[in-house]
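To start, the structure under review is shown below, and the notes come after it.
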Amino acid sequence: MADIVPFRALRYNPTKVSAGDVMTQPYDKISPAMQDRYYAASPYNLVRIILGKAQPGDNDQDNVYSRAAACLRQWQSENVLLRDPEPSIYVYSQQFTVPGDPAGAAIERRAFIALGRVEDYDRKVVFRHEQTLSKPKADRFNLLRATQAHCGQIFMVYSDPAEEIDAVLRQDGPATAEVRDEDGVLHRMWRVSDPQVIASVQKKMADKKLIIADGHHRYETALNYRNEVREISNGDRNAPAERVMMTFVNMDSPGLVVLPTHRVVFGLEDFTIFDMVAELRKFFEIEDLGPISDVLGALQVLHDAGKDRTALLAVTAHGGFLLHVRTDVQSPGLKGLSEQQRKLDVVQLHKVILEQTLGMSEEDIRAQKHLKYVRDAGEAVDEVRKGAQVAFLMNPVRMEQVRDIAFAGEVLPQKSTDFYPKMLSGLTIYSLEAAAQGTAAAR
56 MADIVPFRAL RYNPTKVSAG DVMTQPYDKI SPAMQDRYYA ASPYNLVRII
106 LGKAQPGDND QDNVYSRAAA CLRQWQSENV LLRDPEPSIY VYSQQFTVPG
156 DPAGAAIERR AFIALGRVED YDRKVVFRHE QTLSKPKADR FNLLRATQAH
206 CGQIFMVYSD PAEEIDAVLR QDGPATAEVR DEDGVLHRMW RVSDPQVIAS
256 VQKKMADKKL IIADGHHRYE TALNYRNEVR EISNGDRNAP AERVMMTFVN
306 MDSPGLVVLP THRVVFGLED FTIFDMVAEL RKFFEIEDLG PISDVLGALQ
356 VLHDAGKDRT ALLAVTAHGG FLLHVRTDVQ SPGLKGLSEQ QRKLDVVQLH
406 KVILEQTLGM SEEDIRAQKH LKYVRDAGEA VDEVRKGAQV AFLMNPVRME
456 QVRDIAFAGE VLPQKSTDFY PKMLSGLTIY SLEAAAQGTA AAR
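Okay, here's the thing in structure tokens:
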């Protein structure tokens, strides 16, 4: 099912720039402070393409998108970006420790980068697991139109319990590129152009289904752009826009780590802790844990409580409340949802607590009107100490739950999963323009 092909990536020239000065976190993880730091690091930092700064005099002709396209052309003309001589796939390794892990155990996540065919969801080859928003897709679409290039990675997972594909691609020699990012993650990449190895990977991937782990907006942007190109190219199914750069990770690998994203609620009118707890008792068993001074200890309680049932931890100025879903009653907020969705902590949180109990609309949640997403549990608790009304701490969604939801054609609330670590942008770039020129020259 998964149609994988090698490509000639644009890559930074190591004789011109240092990898640590030019590569970035994904665009949607770049804060204003990070953007400033990336701008200062190098005039060739990828941020100028994937998340450029707006200027006061921007107009239809001169804007973040036109400047991104100009940077891409200029950097190629200066040989800062070079196109690989042969079609290749790119083995990708990330070595890291999990944030908050007291043991600090070293973990490696292995992957490979290649082009994958852009498939409509109804073909049951590519599956999503989270909802998307229109604004980020419009931004990425405008950028793709202007640059004719994919610079960021779409994180795809597939199932390979025997790890056959990882075995075929295992690399022990010096890396083609290597960089340690600001989070201490070591990223290494090897270029593989051996036709026999590539053919073996293509054959083994041919029966795989793909789930978008991270990069839903980028994938749907590629899908929308493909459709636009089809309209003006008489439906050429071999056009460069028919494919998008993907990074493939085995979901059965022990290196696949999913972290939770906690929720902090603030600014609700007429909110009281006591009213909230009274309403929650209608659908949850509640255990009062008292003041939360040891966040790691509280997370351990939450972890143990969630081993065999739904568990959430609400942290308020009064203290912490451990929540278990009652089995003798079902919230009307869950009406129409499948049994596997109702079992998920994040669905209970959004549908029963945020929407039904606290009265937040889906639009409020999408706009983050009274809601803040926080990865670090300690930061979430600190937000309450600073005046937020309540923080909800969660256990991570398990990969098998993500798989079952996706394959059932269902979606989870936004930011239900945090696959850690993020994949660097700038390791490889897929230029649709260069690919089209190469195709034309070959004719």
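The sequence shown begins at 56 in the numbering used here and counts up one residue at a time. Where is the CB? At the ideal position from N, CA and C, for every residue including glycine. All values derive from a computational prediction rather than experimental measurement.
- Here GLN411 is actually not in contact with GLU465; their C-beta atoms are around 20 Å apart, not less than 8 Å.
- Under a 10 Å Cβ-count criterion, ARG165 is classified as buried, with 16 or more other Cβ atoms of the shown protein chains found around its own Cβ.
- Assigned with DSSP and collapsed to three states, PHE338 falls in coil, not helix or strand.
- Below 8 Å, too few C-beta pairs join the stretch 238-249 and the stretch 290-297 to call them touching: fewer than three.
- In the three-state DSSP reduction, GLY352 falls in the helix class (H, G or I).
- Within its own chain, the residues whose Cβ lies closer than 8 Å to the Cβ of LYS406, once the five positions on either side in sequence are excluded, are SER386, GLY388, LEU389, LEU392, listed in chain order.
- In chain order, TYR280, ARG281, VAL284, LEU487 place their CB closer than 7 Å to the CB of ALA296, counting only its own chain and leaving out the 5 sequence neighbours on each side.
- Taking the Cα positions, TYR274 is about 8 Å away from VAL299.
- Shown here, ARG183 sits in coil according to DSSP, grouped into three states, outside any helix or strand.
- If one requires a minimum length of 4 residues, the alpha helix (DSSP H) runs lying completely within the stretch 119-159 are 119-132, in chain order.
- Excluding five sequence positions before and after ALA490, the CB atoms of its chain that fall closer than 6 Å to its own CB belong to PRO295, given in chain order.
- DSSP places TYR99 outside both helix and strand once states are collapsed to three, so it counts as coil.
- ALA109 is classed as exposed because its beta carbon has fewer than 16 other beta carbons within 10 Å across all chains shown.
- Contact between the stretch 146-155 and the stretch 473-483 is present, with at least three C-beta pairs closer than 8 Å.
- Shortest Cα-Cα distance from THR365 to any of ASP349, VAL401, SER214, VAL332 involves VAL401.
- By the criterion of a C-beta distance shorter than 8 Å, VAL350 is surrounded in its chain by ALA432, GLY433, VAL436, once the five residues flanking it on both sides are discounted.
- Secondary structure note for HIS271: its alpha helix (DSSP H) is the uninterrupted segment 271-287.
- Out of LEU448, LEU106, SER132, the CA that lies nearest to the CA of PHE376 is found in LEU448.
- A direct Cα-to-Cα measurement between ASP156 and GLN469 gives close to 25 Å.
- Our two residues, VAL223 and VAL247, have alpha carbons roughly 11 Å apart in a direct line.
- Taking a contact as a CB-CB distance under 8 Å, the pair ASN305 and ASP215 counts as one, their CB atoms being some 5 Å apart.
- Within the same chain, and ignoring the five residues on either side of PRO346 in sequence, the residues whose Cβ sits closer than 7 Å to its Cβ are GLY374.
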